[in-house]
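There are 2 protein chains.
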Amino acid sequence: MDATQMTDDVGGSPARPTRRERARAATIDEIKETALRIMHEQGRTDLKFSEIAREMGMTAPALYRYFNDRDELLTAMIVDAYDDLGNKVAQAREAVDPDDLPGRFYAVAAAYRAWANREPERFALIFGLPLPGYVAPEEGPTTEAAQRAMMQLKAMFLDAGQRGELRSPMITHVDKALHKPAKDEDEVMTPAGAGPLPPEFFQACLTSWSMLHGFISLETYGHFGFIGPEGSDALFNTVVQLTALTSGYPWPADGDS
Amino acid sequence: MDATQMTDDVGGSPARPTRRERARAATIDEIKETALRIMHEQGRTDLKFSEIAREMGMTAPALYRYFNDRDELLTAMIVDAYDDLGNKVAQAREAVDPDDLPGRFYAVAAAYRAWANREPERFALIFGLPLPGYVAPEEGPTTEAAQRAMMQLKAMFLDAGQRGELRSPMITHVDKALHKPAKDEDEVMTPAGAGPLPPEFFQACLTSWSMLHGFISLETYGHFGFIGPEGSDALFNTVVQLTALTSGYPWPADGDS
DNA sequence: GCGAATAGTAATGATGCATAACCAACGTGA
DNA sequence: TCACGTTGGTTATGCATCATTACTATTCGC
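Respectively, the protein sequence lines represent chains Y and R. Oh and the first sequence: position 231 is 230 in numbering that gives the first Met the number 0, straight run, nothing missing. Oh and the second sequence: position 24 is 23 in numbering that gives the first Met the number 0, straight run, nothing missing.
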């Protein structure tokens, strides 16, 4: 029934994706790539079936074979965006010596920033005002994808915690409401084999996200244009530093980068 | 020529706005109010002349008498949004005892937050991805309005500085690029009769903005839904506290609110 | 009151989404 | 190898919306 789910259908033959399935998957990828390209070219986050089809040398109704409606395609685009962001961040983190915790923290922040600056439309797609008609499917794939991406930050704190490198976060109160995230979500967000993250560091995780996200968001949309690129870089370094220091994450005594 | 500027036109008859001018100004206000209402009702930041007109009991082409094109109306909406935000923040600040600096800081942050939560569309309009076709007029009114709003934060630091209440911000490097914002902008952003803000506090001003903005942006777009309203409040308090502490702004030793 | 500027309407053309009906191609099984 | 069913695609249709042109009515100011 659901066209988009036929590709990764379970039960069938996991070893051998049939020829048709491969062709279908390729077309789906091409649709998404085309949609993404149009988003970049035009600086918008909404999509027009007719335009995508035209760009692909197809006709609009054909796309309905692959996505039942606009929202389904949008959902796929959002999930892809979250996953791409998460992958880029994870990749950046793992490219740094595991013992260099500050380096990993900086790499994660820098990857987040670079991704946003490189793809403002995708950034807006997942972190901006939801598109007019769009309603995210309840408890659906977008939420899960968001949690996967968010987990990258949490994993970093967990890792530092397991190495006993976390200092106490710079906060006076740890609020009860933040002690326990919903259980099922916690399962998703906690990497296998890791103990639970102490509540104060979960809170630190969220404040870190906020701080980094604020700079990145303002920069991405051009609100720091008046301080120039060098100013932006300097400000970013400062924000990263403050984020690490306040969250209890290891940071060199006078390190600037 | 420029329809939107006829209302606050200088030079003309300052004492006596003619009947036509008054009617015209009223209509312009109604257009903007209607546009804003539609934005709220539909959760979108773009505008459709036809819809605005219909809502006003008019027809679309009539609006072109007041705004030459969509961009002109958008510019007016953006300026109004910045001004409203700035006013609300200033208002909140001035409602607190001038000697209670932490209270003022919190009030400003809370006003920023409340404004964003109350008007997500306006928030997106000025802090989100620019609308597809729209190009902000160079050196135009939007930039000035943005600076006026931003000045509220700067003024708060200036005031604390004049009272000798500022501690050193928690940063190791003050970057040259941030030392001198462009001169003309500095004129706009510095309230009359105040000495210049030392560079490290200008930097602190920007980091404060980033930190607060990050939380507010994520919360406004529903990314903190999973921690619930109490969790959001707690997180906000923490972020405000961290912002004040890291920026050198006065904050009680163990104050939570 | 008269004329010009201003406000408003009706008609036009273009575009987009979505669906239905129809056609082509491919691959599997007899 | 040939026919049939599944899948992919196009043309045709209905509906809705928006910006603009050309035209009409109103209203102010002298």
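We put the CB at the ideal spot given by N, CA and C, even for glycine. This one's a predicted model, so the numbers in the text were calculated from it and none came from an experiment.
For G227 of chain R and E54 of chain R, I'd like the C-alpha separation in whole angstroms.
Taking the straight line from one Cα to the other gives about 36 Å.
Is the region 207-214 of chain Y in contact with the region 137-153 of chain R, if contact means three or more CB pairs nearer than 8 Å?
Verdict: no, contact absent.
Any beta-carbon of chain Y closer than 9 Å to the one on F122 of chain R?
For F122 of chain R, the answer is yes, since a Cβ of chain Y falls inside 9 Å of its Cβ.
Please report whether the beta-carbon of G127 of chain Y lies at a distance below 9 Å from any beta-carbon of chain R.
Chain R, which has a Cβ nearer than 9 Å to the Cβ of G127 of chain Y, makes this yes.
Could you give the first and the last residue of the continuous alpha helix (DSSP H) run that contains Q164 of chain R?
As written in the sequence, residue 164 of chain R is Glu, which differs from the Gln given in the question. Careful: E164 of chain R lies outside any alpha helix (DSSP H) and carries neither H nor E.
Anything in the region 44-72 of chain R with a Cβ closer than 8 Å to a Cβ of chain Y? List those residues in chain order, please.
Listed by position along the chain: T44.
Go to A109 of chain R, then tell me how far its alpha helix (DSSP H) extends in each direction, as first and last residue.
100-117 is the extent of the alpha helix (DSSP H) around A109 of chain R.
Would you call the region 64-79 of chain Y and the region 88-104 of chain Y in contact, with 3 or more CB pairs under 8 Å?
Flag = no, the region 64-79 of chain Y and the region 88-104 of chain Y do not touch.
Given a threshold of 16 other Cβ atoms within 10 Å of its Cβ, counted over all protein chains shown, does G139 of chain R qualify as buried or as exposed?
So G139 of chain R ends up on the exposed side.
Let me know the secondary structure DSSP gives I30 of chain Y once reduced to three states.
In the structure shown, I30 of chain Y sits in a helix (DSSP, three-state: H, G or I).
Under a three-way DSSP split, which group does T58 of chain R fall into?
Coil, per DSSP.
Looking only at C-alpha atoms, which of R:Y81, R:F156, R:E218 sits nearest to H222 of chain Y?
Of R:Y81, R:F156, R:E218, the residue nearest in Cα terms is R:Y81.
With 16 other CB atoms within 10 Å as the buried threshold, where does A243 of chain R fall?
It is buried - the Cβ of A243 of chain R has at least 16 other Cβ atoms within 10 Å.
How many angstroms separate the CA atom of F225 of chain Y from the CA atom of T141 of chain R?
Going from the Cα of F225 of chain Y to the Cα of T141 of chain R covers about 14 Å.
How far does the alpha helix (DSSP H) with E137 of chain R in it extend, from its first residue to its last?
Per DSSP, E137 of chain R belongs to no alpha helix (DSSP H) and is neither H nor E.
Tell me, to the nearest whole angstrom, how far the beta carbon of G127 of chain Y is from that of L165 of chain R; I am working on the premise that it is less than 8 Å.
Not a contact, Cβ separation roughly 35 Å.
With respect to the alpha helix (DSSP H) encompassing V78 of chain R, which residues constitute its N-terminal and C-terminal limits?
It spans 69-93 - the alpha helix (DSSP H) in which V78 of chain R sits, taken as one unbroken run.
Which residue's Cα is closest to the Cα of A34 of chain R: R:D45, R:D174, R:A113?
Among R:D45, R:D174, R:A113, the Cα nearest to that of A34 of chain R is on R:D45.
Looking at the structure shown, is F66 of chain R part of a helix, part of a strand, or coil, going by DSSP?
Three-state result, F66 of chain R: coil.
Taking Cβ positions, are P168 of chain Y and G230 of chain Y nearer each other than 9 Å?
No. Outside cutoff.
Would you say T245 of chain R lies against chain Y (beta-carbon separation less than 9 Å)?
Taking Cβ atoms only, chain Y reaches closer than 9 Å to T245 of chain R, which makes this a yes.
Taking 9 Å as the CB-CB cut-off, is I215 of chain R touching chain Y?
Yes, I215 of chain R lies at the interface with chain Y (some Cβ there is under 9 Å from its Cβ).
I'd like to check one pair, M38 of chain Y with L124 of chain Y: are the Cβ atoms closer than 9 Å?
Cβ distance < 9 Å, so L124 of chain Y and M38 of chain Y count as in contact.
In chain Y, what lies closer than 8 Å to G42 of chain R by C-beta?
Under the 8 Å cutoff, chain Y gives L128, P129, P131.
Within 9 Å of any Cβ in chain Y, is that where the Cβ of I226 of chain R sits?
Judged by the 9 Å Cβ criterion, I226 of chain R is in contact with chain Y.
Hey, how far is the Cα of E184 of chain Y from the Cα of K153 of chain Y?
Note on E184 of chain Y: pLDDT 49, under 50, position unreliable in the model; the coordinate value appears next. Computed Cα separation, rounded: 13 Å.
Is I77 of chain R closer than 9 Å to A135 of chain R when the C-beta atoms are compared?
Yes; because the gap between Cβ atoms is below 9 Å, this pair is in contact.
Check the Cβ-Cβ distances between W208 of chain Y and every residue of chain R, and say whether any is below 9 Å.
Yes, W208 of chain Y lies at the interface with chain R (some Cβ there is under 9 Å from its Cβ).
Cα separation between T171 of chain R and D253 of chain Y?
Between T171 of chain R and D253 of chain Y, the C-alpha separation is close to 6 Å.
How far does the alpha helix (DSSP H) with A252 of chain Y in it reach, from first residue to last?
Looking at the DSSP string, A252 of chain Y is not in any alpha helix (DSSP H), and its letter there is neither H nor E.
Beta-carbon within less than 6 Å of S216 of chain R's beta-carbon, same chain only, minus the 5 sequence neighbours each way: which residues are those?
Excluding positions up to five away in sequence, the list is empty.
Which residues mark the beginning and the end of the alpha helix (DSSP H) in which M210 of chain R is found?
Segment 198-219, the alpha helix (DSSP H) holding M210 of chain R.
Which residue wins for smallest C-alpha separation from T237 of chain R, given the options Y:A22, Y:F48, Y:F200?
When each option's Cα is compared against that of T237 of chain R, the closest is Y:F200.
Residues of chain Y with a CB under 7 Å from the CB of H212 of chain R: which are they?
What H212 of chain R touches in chain Y: G213, S216, L217.
Helix, strand or coil, according to DSSP, for D232 of chain R in the structure here?
In this structure, D232 of chain R counts as helix in the three-state DSSP scheme.
Give me the chain Y residues within the contact set of L205 of chain R, using Cβ-Cβ distance strictly less than 7 Å, ordered along the chain.
The contacting residues are L234.
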